[in-house]
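Enquirer: Residue numbers for the sequence shown, in my numbering: 73 to 204. Idealized CB from N, CA, C, for every residue including glycine. Quick caveat: nothing in here was measured; it's all calculated off a predicted structure. Let me give you the structure first, and then I'll get to my questions.
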Amino acid sequence: MYTIEDTECVTGLLWCLCADIYVCLLSYAHNVAAEGKYVAVVSTMVETCNPEKEVQPGLALLEPIMEKFVSVSNLMVPTDDGRRSQIFVSRSYDHTPHFESETDDIMDLYRRVTGSEFIFRDPRDADGDSDE
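What follows is the structure, given as structure tokens:
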């Protein structure tokens, strides 16, 4: 994965946006493309009315591009924590390709549903008392 920092100069253009651009490249080795071909996802948090221009530095890394699809998705967040309604809703996926924020969302859902924090334990630890 390659992250273009928000003020990096790419192909002579200086970008001064706050959101990073993420480029995730998948290939035949990942069983998602024909041999010699690649599937790439270029993403960012949209800050202007021209999202395709915002990801242009990431797209430039991938030239030549055979086919390109551009889509913009709204980032949805629950309006209720679910405690009163007992309806627990997660956030939608964000622009990051590494699922860190989705993991945080799952942890938040667990806390809202159960009322306690999830405690990670080694599944090989039969008694569950080890903190090592």
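Should the region 117-136 be called in touch with the region 155-162, which here means at least 3 C-beta pairs below 8 angstroms?
Expert: no
Enquirer: What do you get for G187, buried or exposed, if any count of 16 or more other CB atoms within 10 angstroms of its CB means buried?
Expert: By one-based count along the sequence shown, residue 187 stands at place 115. It is exposed - the Cβ of G187 has fewer than 16 other Cβ atoms within 10 Å.
Enquirer: Quick one: measure Cβ to Cβ for G130 and V114, integer angstroms, because I've assumed they're closer than 8 angstroms.
Expert: Against the sequence shown, residue 130 aligns to sequence position 58. Against the sequence shown, residue 114 aligns to sequence position 42. Confirmed, Cβ separation roughly 4 angstroms.
Enquirer: Thinking C-alpha only, which one of N146, F190, Y94, E189 is nearest L133?
Expert: Residue numbering aside, residue 133 sits at position 61 when the sequence shown is read from its first letter. Nearest option by C-alpha distance: Y94.
Enquirer: State the start and end residues of the unbroken beta strand (DSSP E) segment that holds Y110.
Expert: Position 38 of the sequence shown, counted from the first residue, corresponds to residue 110. Residues 110-115.
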